[in-house]
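I have placed the structure first, in the form of structure tokens, so that the comments after it can refer back to it.
Protein chains: 2
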Amino acid sequence: MTDRLLPSSKALTIATEVRRRIVDREWRQGDRIPDEAALAVEFGVARATVNKALQLLADEGLLDRKRRAGTHVTINPARKATFTIPIVREQIEAAGMVYSHRVVAQKIRPAPAEIAARMGEPEGAAMIHLRTVHFGDAKPFQLEDRWINPRAAPGVEAVDFQRNNPNEWLVRNYPWLRGQLAFSAENADARDARLLETRQGTALLILQRTTWNDLGAITSVRLAFHPGYCMVAIP
Amino acid sequence: MTDRLLPSSKALTIATEVRRRIVDREWRQGDRIPDEAALAVEFGVARATVNKALQLLADEGLLDRKRRAGTHVTINPARKATFTIPIVREQIEAAGMVYSHRVVAQKIRPAPAEIAARMGEPEGAAMIHLRTVHFGDAKPFQLEDRWINPRAAPGVEAVDFQRNNPNEWLVRNYPWLRGQLAFSAENADARDARLLETRQGTALLILQRTTWNDLGAITSVRLAFHPGYCMVAIP
DNA sequence: TAGTGGTCTAGACCACATC
DNA sequence: ATGTGGTCTAGACCACTAC
Chain D
1 MTDRLLPSSK ALTIATEVRR RIVDREWRQG DRIPDEAALA VEFGVARATV NKALQLLADE
61 GLLDRKRRAG THVTINPARK ATFTIPIVRE QIEAAGMVYS HRVVAQKIRP APAEIAARMG
121 EPEGAAMIHL RTVHFGDAKP FQLEDRWINP RAAPGVEAVD FQRNNPNEWL VRNYPWLRGQ
181 LAFSAENADA RDARLLETRQ GTALLILQRT TWNDLGAITS VRLAFHPGYC MVAIP
Chain L
1001 MTDRLLPSSK ALTIATEVRR RIVDREWRQG DRIPDEAALA VEFGVARATV NKALQLLADE
1061 GLLDRKRRAG THVTINPARK ATFTIPIVRE QIEAAGMVYS HRVVAQKIRP APAEIAARMG
1121 EPEGAAMIHL RTVHFGDAKP FQLEDRWINP RAAPGVEAVD FQRNNPNEWL VRNYPWLRGQ
1181 LAFSAENADA RDARLLETRQ GTALLILQRT TWNDLGAITS VRLAFHPGYC MVAIP
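Chains as they are written, first to last, in the working numbering: chain D, 1 to 235; chain L, 1001 to 1235.
In structure tokens:
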């Protein structure tokens, strides 16, 4: 009854088995489980292998591990979900549509207070402001409102963003060290509605992202997805 | 200039240094980096330690690793973000507010087609349907519309959800093996608006989640957050 | 077919927190 | 004080795949 596709490594096999014992309630929430040495004997592997398996489950949030106290099944497992930060072009092409984009505005402007604060840069710093619509099969898919800090991304002033997707250019040329990312929902304003070809007031999924490298904030962007868009994560 | 807080382990130190080389463009997108053996010599550690560091960066999406082909800096790094699946009570209490909840509806009902399909259960299967409002300082924070499958969570019929927060009870008693999770935005309908004390049409962030264990789908829930709510992730 | 990463082992030492 | 996990090492064998 417990047979499934076998994970390909010993560590994964052990992780799967331990997960099963937890899900099947052989080991209950709060229980202390056998220590690494004991499990190593039980499974006939080295302790390092058990350690790898249990660290995996601890990362998933299923186990709490502490030196000396041992390993316990998490009582209130606030588990984690991961999602891949989407690249519009790939998203659209993966859906079998033809990708295109149009830059509807590009200007060098002083950063407004809100953006400057979010990026940790002085208010009024000169930045590139871009508004881009991304299309799938000529239907608006995503609206991008981006500020780029030339001091953290030298050379960016010379880029032709009609040819180069701004996100792809940045990510390829200026990898980031640290980022922040938030989801929210907003009612479409007049401009959102016009560019996304929908009605004002429609609920839009908003993804707000800011990234930094050694030199400071690279870029801060607000992505508004077309109505009905759904972003899936993998817990 | 590159001095930062030192990571506490050799593997993390190496990961940090390799990340720095990528961010500082010593190693460019698409470049092949030295193999594990070479880096082990350079850093004066065992190959296993380098392996651990590089696997970490590969998980982050910064490196592509293939046997025989070596390790390359990812060309178009679609990096990952993780967020902790929130537990309402903790969220509210962490914000310094007083948590409370009210079950506004609880019934055993046949699963409607959409829910059954999402859960992979037969249409019309008897399930518990719950509607709960979660409050922070008596202000509506989150609206929960949940279906629970008693066949995957035996004993659930007897639980008093006025006393036990449904999510906490389930998560403590029936850990899940597999889950699905999606974000979207919806305009508040009449009921959403009434329960969240807002206006109809307001944009709401929606989190839709379904979880499974060995016995089948445990629960499927739609969480609607109060207007303006923002969910933060850690890339 | 040979070079690369993936994984495992046996052993070791250490840090930490509980007992 | 002592038992637990955290980490590292040196060595080994294997799987994959680019050459």
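Here a beta-carbon is modelled for each residue, glycine too, at the ideal position from N, C-alpha and C. Quantities reported herein were computed from a predicted structural model and do not represent experimental measurements.
Next item on the list: State the CB to CB distance for the pair S132 of chain D and V103 of chain D, rounded to an integer number of angstroms; the pair is presumed to be in contact (CB under 8 Å).
Entry: Checking the sequence shown, residue 132 of chain D turns out to be Thr, not Ser. Going by Cβ atoms, the distance from T132 of chain D to V103 of chain D rounds to 5 Å, so yes, they are a contact pair.
Check: Are three or more beta carbon pairs between the region 1186 to 1196 of chain L and the region 1148 to 1160 of chain L nearer than 8 Å?
Finding: Judged by pairs of C-beta atoms under 8 Å, the region 1186 to 1196 of chain L does not touch the region 1148 to 1160 of chain L, as fewer than three such pairs exist.
Next item on the list: Hey, could you find the ends of the alpha helix (DSSP H) A1203 of chain L is sitting in?
Entry: A1203 of chain L -> not in any alpha helix (DSSP H); beta strand (DSSP E) instead, spanning 1203 to 1213.
Item checked: Range covered by the beta strand (DSSP E) that runs through T1071 of chain L -> Where T1071 of chain L is concerned, the enclosing beta strand (DSSP E) stretches over 1070 to 1073.
Next item on the list: Have a look at L:R1118, L:F1225, L:V1018 and flag the residue whose alpha-carbon is nearest the alpha-carbon of G1216 of chain L.
Entry: When only C-alpha atoms are compared, the closest one is L:R1118.
Checklist line | Assigned secondary structure, F975 of chain L (DSSP; H/G/I helix, E/B strand, else coil) | finding: Because residue 975 of chain L is not part of the residues shown, which for chain L are 1001 to 1235, the question remains open.
Note to self: For I1108 of chain L and W1212 of chain L, I'd like the C-alpha separation in whole angstroms.
What the structure shows: Cα to Cα, I1108 of chain L sits roughly 20 Å from W1212 of chain L.
Check: Just how far apart, CA to CA, sit E1060 of chain L and A1011 of chain L?
Finding: Taken atom to atom, the span from the alpha-carbon of E1060 of chain L to that of A1011 of chain L is near 15 Å.
Next item on the list: Please classify L130 of chain D: does DSSP put it in a helix, a strand, or coil?
Entry: In the structure shown, L130 of chain D sits in a strand (DSSP, three-state: E or B).
Checklist line | Closest Cα partner of I1234 of chain L within the set D:K139, D:P227, D:R209 | finding: Of the candidates D:K139, D:P227, D:R209, the one whose C-alpha sits nearest the C-alpha of I1234 of chain L is D:R209.
Next item on the list: For the alpha helix (DSSP H) containing D59 of chain D, list its first residue and its last residue.
Entry: Looking at the DSSP string, the run of the alpha helix (DSSP H) that includes D59 of chain D is 47 to 60.
Margin query: Taking the alpha-carbon of P34 of chain D as reference, which of D:D64, D:P86, D:T84 has the nearest alpha-carbon?
Written below: When only C-alpha atoms are compared, the closest one is D:D64.
Margin query: Looking at the secondary structure, which residues open and close the beta strand (DSSP E) in which I1148 of chain L lies?
Written below: DSSP places I1148 of chain L inside the beta strand (DSSP E), whose first and last residues are 1139 to 1148.
Checklist line | Distance between V1050 of chain L and L1039 of chain L (C-alpha atoms, nearest Å) | finding: Straight-line Cα distance between these residues: approximately 7 Å.
Next item on the list: Please name the residue in L:F1141, L:L1177, L:W1147, L:P1227 whose C-alpha comes closest to that of M1097 of chain L.
Entry: It is L:F1141 whose Cα lies nearest to the Cα of M1097 of chain L.
Item checked: Length of the line joining the Cα atoms of E36 of chain D and F161 of chain D -> Between the C-alpha atoms of E36 of chain D and F161 of chain D there is a straight-line separation of about 54 Å.
Notebook entry, point to check: According to DSSP, is Q91 of chain D helix, strand or coil?
Noted result: Three-state result, Q91 of chain D: helix.
Item checked: Close beta carbons around R21 of chain D, own chain, < 7 Å, minus the five adjacent residues each side -> Beyond the five residues adjoining it in sequence on each side, R21 of chain D comes within less than 7 Å, by CB distance, of W27 in the same chain, given in chain order.
Next item on the list: For chain D, find out if any of its Cβ atoms is closer than 8 Å to the Cβ of T1013 of chain L; answer yes or no.
Entry: Chain D contact via Cβ: absent.
Note to self: Using a Cβ-Cβ distance cut-off of 8 Å, determine whether V23 of chain D contacts chain L.
What the structure shows: It does; some Cβ of chain L falls within 8 Å.
Item checked: chain L within 8 Å of A193 of chain D, Cβ atoms only -> At a cut-off of 8 Å, the C-beta of A193 of chain D has no neighbouring C-beta in chain L.
Margin query: With distance defined between alpha-carbon atoms, name the residue in L:V1041, L:A1081, L:S1009, L:L1062 nearest to R1019 of chain L.
Written below: Closest by alpha carbon: L:L1062.
Next item on the list: Please report how far the alpha carbon of T74 of chain D lies from the alpha carbon of V23 of chain D, in whole angstroms.
Entry: For T74 of chain D and V23 of chain D, the distance between alpha carbons rounds to 12 Å.
Notebook entry, point to check: With a cut-off of 8 Å, does the C-beta of D3 of chain D fall near any C-beta of chain L?
Noted result: Legend: pLDDT at D3 of chain D = 40, less than 50; position of this residue unreliable, value from coordinates given subsequently. It does not: the Cβ of D3 of chain D has no partner Cβ on chain L nearer than 8 Å.
Next item on the list: In angstroms with no decimal places, state the Cα-to-Cα distance between R302 of chain D and E197 of chain D.
Entry: Nothing in the structure corresponds to residue 302 of chain D, since chain D is present only between 1 and 235.
Check: So which residues of chain L does Y229 of chain D contact, with C-beta pairs closer than 7 Å?
Finding: Ordered by position in chain L, the residues that pass the 7 Å Cβ test against Y229 of chain D are S1184.
Margin query: Could you check whether the Cβ of G987 of chain L sits closer than 8 Å to any Cβ belonging to chain D?
Written below: Past the edges of chain L, shown from 1001 to 1235, lies residue 987 of chain L, and the structure says nothing about it.
Next item on the list: Return helix, strand or coil for L237 of chain D, following the three-state DSSP convention.
Entry: For residue 237 of chain D there is no data in the structure shown, the boundaries of chain D being 1 and 235.
Note to self: Can you tell me whether V159 of chain D is helix, strand or coil according to DSSP?
What the structure shows: Three-state DSSP puts V159 of chain D in coil, outside helix and strand.
Check: Which full runs of the alpha helix (DSSP H) of 4+ residues lie inside the region 76 to 120 of chain D, going along the chain?
Finding: If one requires a minimum length of 4 residues, the alpha helix (DSSP H) runs lying completely within the region 76 to 120 of chain D are 88 to 94, 113 to 119, in chain order.
Next item on the list: Could you check what DSSP says for A233 of chain D in three-state terms: helix, strand or coil?
Entry: If DSSP states are grouped into helix, strand and coil, A233 of chain D belongs with the strands.
Margin query: I'd like to know whether the C-beta atoms of R1146 of chain L and P1166 of chain L end up nearer to each other than 8 Å.
Written below: Cβ atoms of R1146 of chain L and P1166 of chain L: closer than 8 Å.
Check: Under 8 Å between C-beta atoms, does P1110 of chain L make it to chain D?
Finding: False, the Cβ-Cβ gap to chain D never drops below 8 Å.
Next item on the list: Between the Cα of R1163 of chain L and those of L:L1223, L:H1134, L:L1181, spot the shortest distance and give me the residue it belongs to.
Entry: When L:L1223, L:H1134, L:L1181 are compared, the shortest CA-CA separation from R1163 of chain L is found for L:H1134.
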